[in-house]
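Participant:
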Amino acid sequence: MIMFPWLTPENGFIFRIMVLTNLAHVLEHGVACRNCHHLVQQSDFVTIGEDDIIKKRDVRRVSCEPFGVLADYVPFYFAPRSPMLSKITHTNSRVKEEVIYIVSKVSVVAKAGIPFAFSDGHALMDFSRFSNQLAELSMIDWEVMRSKYWNPTSQDNDRRRRRMAEFMVHQYFPVDCIRAIVVANEAVAQAVQQQLDNFASQIPVRIQPDWYF
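Each residue of the sequence shown is one higher than the last, beginning at 39 in the numbering used here.
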């Protein structure tokens with residue numbers, strides 16, 4: 039079932055989920071990678087990933103420039119409704135009140151001159167490929183990205199891995215690159231807008247309950 043027909047390599051939208059309580063820090067400082075100790079880090083940062091996965095990202099090498107490990111990058115997905123968000127939803131009944139999306143575009147990051155890389159599937163998987171060439175965005179499975187469901191099928195048991203392809207911004211993602219913030223409901227939209235007003239930010243807020251589970 040096609041849910042996101044506008045997800046194409048030409049449009050190049052990218053999505054990062056995070057906890058609402060981290061937003062004020064992001065609006066003031068942007069998003070620093072896990073390994074960027076020289077940048078301003080949030081002392082009370084609330085992680086959204088699993089600890090064992092985060093530790094594995096500390097050592098998983100990136101096979102194209104600018105090289106390094108996954109923890110040297112700020113990761114985004116190429117589609118909403120990721121397997122990661124699905125898993126979080128199963129263990130946290132307040133996801134729709136606590137988790138928001140930061141939305142940007144590949145072209146925005148590229149025009150800002152920020153180095154990046156991307157993978158064609160879950161970046162921790164040994165057989166996932168990496169690239170830093172925009173012309174190779176075609177290696178992303180855009181059909182899976184556009185679909186509402188990414189569960190494995192009898193004909194294709196690799197759909198979940200491919201849906202978890204990452205666009206990885208090297209070291210630092212500036213707030214100026216945010217093109218929208220997406221939330222699940224009006225109450226969260228109001229909370230986000232209040233924080234945006236505090237920083238005189240013009241980032242648009244969108245309500246998309248269908249981006250959640």
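By construction, the Cβ of each residue, glycine as well, lies at the ideal position given by its N, Cα and C atoms.
Give a yes or no on whether the C-beta atoms belonging to M202 and A155 are separated by under 8 Å.
Facilitator: In the sequence shown, the residue the question calls residue 202 occupies position 164. In the sequence shown, the residue the question calls residue 155 occupies position 117. No, they are not a contact pair.
Participant: Should M56 and I140 be called a contact, given that it needs their Cβ atoms to be closer than 8 Å?
Facilitator: Taking the sequence shown and counting its residues from 1, one reaches residue 56 at position 18. Taking the sequence shown and counting its residues from 1, one reaches residue 140 at position 102. Yes, Cβ-Cβ distance for M56 and I140 is below 8 Å.
Participant: Comparing alpha-carbon positions, which option in E88, R199 and D110 lies nearest V97?
Facilitator: As a position in the sequence shown, residue 97 is number 59, starting the count at 1. Closest option to V97, Cα to Cα, is D110.
Participant: Taking Cβ positions only, does G68 come closer than 8 Å to chain D?
Facilitator: Going by chain labels, chain D is absent from the structure shown, which holds only one protein chain.
Participant: If you scan the segment 114-144 from start to end, which runs of the alpha helix (DSSP H) of 4 or more residues do you find wholly inside it?
Facilitator: Listed in chain order, the complete alpha helix (DSSP H) runs (minimum 4 residues) inside the segment 114-144 are 121-129 and 133-136.
Participant: Taking the DSSP output, what are the residues bridged to V112?
Facilitator: Residue mapping note: residue 112 aligns to position 74 of the sequence shown, counting from 1. In DSSP, V112 forms a bridge with V207.
Participant: Compute the distance between the beta-carbons of C215 and V146, then report whether it is under 8 Å.
Facilitator: For the purposes of this step, residue 215 is taken as the residue at position 177 of the sequence shown. For the purposes of this step, residue 146 is taken as the residue at position 108 of the sequence shown. Going by C-beta atoms, C215 is nearer than 8 Å to V146.
Participant: Taking DSSP as the reference, what is the three-state secondary structure of V107?
Facilitator: As a working mapping, residue 107 is identified with position 69 in the sequence shown. Correct three-state label for V107: strand.
Participant: Does the contact criterion of 3 or more C-beta pairs under 8 Å hold for the segment 238-248 versus the segment 187-196?
Facilitator: At 8 Å Cβ cutoff, the stretches do not touch.
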